Structures are given as structure tokens and as C-alpha cells.
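Participant: Heads up: the protein sequence lines correspond to chains C and Y, in order.
The first sequence begins at 10 in my numbering and counts up by one.
The second sequence begins at 106 in my numbering and counts up by one.
All residues carry an ideal CB built from backbone N, CA and C; glycine is no exception.
Being a predicted model, the structure only gives us computed values, none of them experimental.
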Amino acid sequence: MSTELERALRNAATDLTLDTPAADVLARGDRLRRSRRRGLALGASGVVAAAATVTAVVGGQSRDREPADAVDPVDTGRPSTIQVAAWTGPDTNLSGDQLADVGATCAASDGGPGGLTEPGWRLPGSIPPRAAELRDDVVLAYYGQRRDYATCVLQTTAAGGLQVVARSAGVEKALPAGRHVELVTSGAGDPGPLGGNLARIYAVVRTSPDVTRLELTAAGRTYSSTADGLGFFWLPDGELTEADLAGATVTALDADGAVLHRSGPGELW
Amino acid sequence: MMAPMRCEDVSTAEFVEFYTAQKGRCLRAAVASGMDPDRAEEAVAEAFARAWSRWRTVRVMESPAAWVVRTAINQNVSWWRQRRREVPSESAADLPVADGPGQVDLVAAIRRLPPRQREVVVLRYLLDLDTHATARSMGVAPGTVSAHLHRALASLREHLTISEGTPS
């Protein structure tokens, strides 16, 4: 029965055919590549805007992403909006050359305390990233091999290059049963001696296989990211303080939109 | 000057060969994964375009076809979210799918499987990856793939038995 079933599965829906001519696909791909190059050039030239605004700049991926202000999908009766900074998942908006630059730049950066002894520290530059994406002028990259991992956060420079902002490495722990979210690393630009709102806030989150979406709520605003074993957040500049982030909550949702986990305010996640 | 042009020509020919060989398989996989058939064609074509736009990266992946399908599905998820998630992607399982004569409603049955089981079936049978490649694609252990597959086949077998035994 299994053999028969397996044969049927392999031949299922053979009447479905894709009729788009190859020439059309090639032309579309060429356009995507050109727009992505323009996007990186703009990012490197120091264009700074709210993260969601820049989704329009990163070219080929812009259709994947939500507008700057999306109406709250949960009808709570309140007028809040969701500032979306959604990760696009396994897809990346970086070209092969750019990914190679990211790896080489991360590999060449100084180890700093606490990182050099972790096996994952050596992954950037030696293997392709499991996920990497440019948003605004910040690149988040996650490398994984077996259970070793490394993260590398880079910023584009005015000269068109990349510089490493932060790195981390460690060993992925198996998420305990019922646990769906684990913060891998996060950071933000220094607000300066007077404090105030943060810029270039990012977070890298590991998720269980059941999680397809993450929501980070801080200071009454909710930011959303696709999750696919990982979730990336780029939060808009100038909206949140360190205290806001300290009290942030994270919600993990499955494909049906059901809440799998919601952390309490300030709870470590 | 000539060498890069030859390289580009070879790359184009290689991609066209990949597209021609895999387009139907990827479309079926996307539909079986839960996409609306009416939208799947556009999403899969777009995903192939993305594959071409970064072909140097995609071509060396273990399964470029799996990348195409995953990209198409991600676009679909984003599209639903843009539409305020009025129709969660999971409910796409209830959309009509025209199976060929004698194929029962196998694709519809695949679409009703839980997400991970459905993903295993799509990768293993519709994209023809082996267990280890499927495991790597999903980021899980081969044993996890086998467990999902076992449950998925049991569900499908039960479904087919019921379908075959139900007077139409």
C-alpha cells in the first residue's frame, strides 16, 4: 500500500502546469537583480530612514514586505497600528557576492572577549549563512553548523563597505518542551550620554518548528517578524528607549495565528 | 570580454534547463503545500525569477527546487498578511483542487495534513528529496523526518481508504 501510495504522491496533480515562458522569468530575475544592486548602493550611501520605509529601497524584496503602518490584524477595537519590520524568511535580499563580503568581513573582525573560544565563532566566512538580510543600513547574519552558531551584525559604511557592529557565538540548546522562543542576541546603537531613544535596534530569535510568526511588543507598539526556526527584528529608529526594551514582551504564533507562547513584561525570553 | 559572456550564456542555459525541468514539480509542490492554485502559478514564477536573480547562490544549494517552493510559499504568507490575514494560509487547505482522473483527492488530502507532515510529504515525494536532504532542508534530524512521514502516510492511507470506500 505504501508503495502504491508513494507512487501516487509522486504523480499527484500532474495536470497542474506552469506556462510562464522562461524568457519572462529571466527578464523578471534580471530586473530584481538590478533593483537589489540599487538598493544596496542607496543603503551604503547613508540613507537613513525608518526601517519600514527602507523596505521600499531594498528593491527586489519590497513586494514581500508590509507597508510602514499596517492595520492591526487583531481586532481589539483600539486604534493601534503595527509597525512592521518583518523578516522575509529563508529568502535573502543579499546577492551571493554581498553574502561573501558579509562572511569575509565578519571573519576578519577582531574576536573580542568571550567569543574566540566558541567553535561557532569560526563559521562566518567558512560556510554560507543560514539566514542573512539587509534592512536599513544594518545586516543581520546567522551562521549555523550542527549545533554551533554565530551571529554577525554589520553596518554599511558611507564608503560603500561593511563594518562589523557586533558578533556572538554559542551552542544552540534544544528548546525544552513547550518552549517556543529563545533570544539569541540583540543590540542597539548607543543613545549617547543623554540617553533617549535608541537607533538601529536589532534582535535575533530562535524559534521552535511550530512558530511561523513572532510579535515583539514594546511601549504599546507591536513589531512583527516571520519565523522559520529563526526570527529577525529591525526596530525603527527613535521610537524606543532601553527601558521600553527591558519591558518588551514577545508572542510566538503558529500558522493558524494561535498563540503558542507569550512572555510577561520584562521576562527573559 | 568573451569569457564572461560565455559564462553568462552557460549560466542562462543552465537556469533555463532547471526551470524547464522543475517548474511543474515546483508548482505542484506549492499547491500541495496549501497555496491557492490560482495564485500559485504567479508566485512560483516569481520565485523562479528570484532564483535567477541570485542564481550563483541558489544553483549550489542542495535543492534549488525546494528553495523555489519555499520562496513561493513565503510570498504567499506575506500576501495574506498584507490582506490583514483575513484568510489564514492554513485555510487554503479547503480550497478546491482539481486532481486528475483516478488520483482521488490526494493533493487536497496532503493540504489537510499538519504543516510539518505536509512539508515532509512535499519535499520527499513532490520534490523527490531523500530523507537526509529533507531533514537538512527543514533543519531537523532525519529521524524527525521519518516520524513525520510515518504519521503523514498513515493519515493519507486512512484518507484514501475512506475515500475509496465512500460511495460518490
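Using the three-state DSSP reduction, which class does residue 153 of chain C fall into: helix, strand or coil?
Facilitator: DSSP places residue 153 of chain C in strand when its eight states are reduced to three.
Participant: Any beta carbon from chain Y within less than 9 Å of residue 240 of chain C's own beta carbon?
Facilitator: No, because no Cβ of chain Y sits closer than 9 Å to the Cβ of residue 240 of chain C.
Participant: Would you please verify whether the beta carbon of residue 146 of chain Y is less than 9 Å from any beta carbon of chain C?
Facilitator: Taking Cβ atoms only, chain C reaches closer than 9 Å to residue 146 of chain Y, which makes this a yes.
Participant: Nearest chain C C-beta to residue 217 of chain Y closer than 9 Å, yes or no?
Facilitator: By this cut-off, residue 217 of chain Y is not an interface position.
Participant: Rounded to whole angstroms, what is the Cα-Cα separation between residue 196 of chain C and residue 162 of chain Y?
Facilitator: Going by the C-alpha atoms only, they are around 29 Å apart.
Participant: To the nearest angstrom, how far is the alpha carbon of residue 132 of chain Y from that of residue 221 of chain Y?
Facilitator: Roughly 19 Å between the two C-alpha positions.
Participant: Using DSSP with H/G/I as helix, E/B as strand and the rest coil, what is residue 248 of chain Y?
Facilitator: Note: residue 248 of chain Y maps to helix in three-state DSSP.
Participant: Cβ atoms of residue 14 of chain C and residue 262 of chain Y: under 9 Å apart, would you say?
Facilitator: Cβ distance < 9 Å, so residue 262 of chain Y and residue 14 of chain C count as in contact.
Participant: By Cβ distance below 6 Å, which residues in the same chain neighbour residue 123 of chain Y in space, the five residues on each side in sequence not counted?
Facilitator: Cβ within range, chain order: n/a, list empty.
Participant: Name the DSSP bridge partner or partners of residue 161 of chain C?
Facilitator: Note: residue 161 of chain C sits in a beta bridge opposite C/150, C/176.
Participant: Three Cβ pairs or more, each shorter than 8 Å: is that satisfied between the stretch 129 to 146 of chain Y and the stretch 166 to 175 of chain Y?
Facilitator: Yes, since at least three Cβ pairs between the stretch 129 to 146 of chain Y and the stretch 166 to 175 of chain Y fall closer than 8 Å, the two stretches touch.
Participant: Here's a check: name, in chain order, each residue in its chain whose Cβ is nearer than 6 Å to the Cβ of residue 126 of chain Y, leaving out the five neighbours to either side.
Facilitator: Within the same chain, residue 126 of chain Y has no close Cβ partners at all.
Participant: In the DSSP output, what is residue 34 of chain C paired with across the bridge?
Facilitator: BP columns for residue 34 of chain C are empty, so no partner.
Participant: Exposed or buried, residue 112 of chain C, counting other C-beta atoms within 10 Å across all chains shown (16 or more means buried)?
Facilitator: The residue in question, residue 112 of chain C, is buried, as its Cβ has 16 or more Cβ neighbours within 10 Å.
Participant: I'd like to confirm the pairing. Which residues does DSSP put opposite residue 210 of chain C in its beta bridges?
Facilitator: Paired residue(s): C/244.
Participant: Considering only their Cβ atoms, is the gap separating residue 128 of chain C from residue 180 of chain C smaller than 9 Å?
Facilitator: Result yes, Cβ atoms of residue 180 of chain C and residue 128 of chain C sit closer than 9 Å.
Participant: Cβ closer than 9 Å: which chain Y residues qualify as neighbours of residue 104 of chain C?
Facilitator: Residues of chain Y passing the Cβ test: 158, 159, 161, 162.
Participant: Using beta carbons (cut-off 9 Å, strictly below), is residue 250 of chain Y in contact with chain C?
Facilitator: Chain C, which has no Cβ nearer than 9 Å to the Cβ of residue 250 of chain Y, makes this no.
Participant: Compare the Cα-Cα distances from residue 153 of chain Y to each of Y/166, Y/120, Y/212, Y/141 and report the closest residue.
Facilitator: Answer by Cα proximity: Y/120.
Participant: At which residues does the beta strand (DSSP E) containing residue 224 of chain C begin and terminate?
Facilitator: Taken as a continuous stretch (DSSP letters only), the beta strand (DSSP E) holding residue 224 of chain C covers 222 to 227.
Participant: Let me confirm a value: residue 263 of chain C is counted as buried when at least 16 other C-beta atoms fall within 10 Å, else exposed. Which label applies?
Facilitator: Buried: at least 16 other Cβ atoms inside 10 Å.
Participant: Give me the Cβ distance between residue 158 of chain C and residue 178 of chain C, rounded to the nearest whole Å; I'm assuming they're in contact under 8 Å.
Facilitator: Indeed they touch by this definition, with Cβ atoms about 7 Å apart.
Participant: So which residues of chain Y does residue 15 of chain C contact, with C-beta pairs closer than 9 Å?
Facilitator: The contacting residues are 229, 230, 258.
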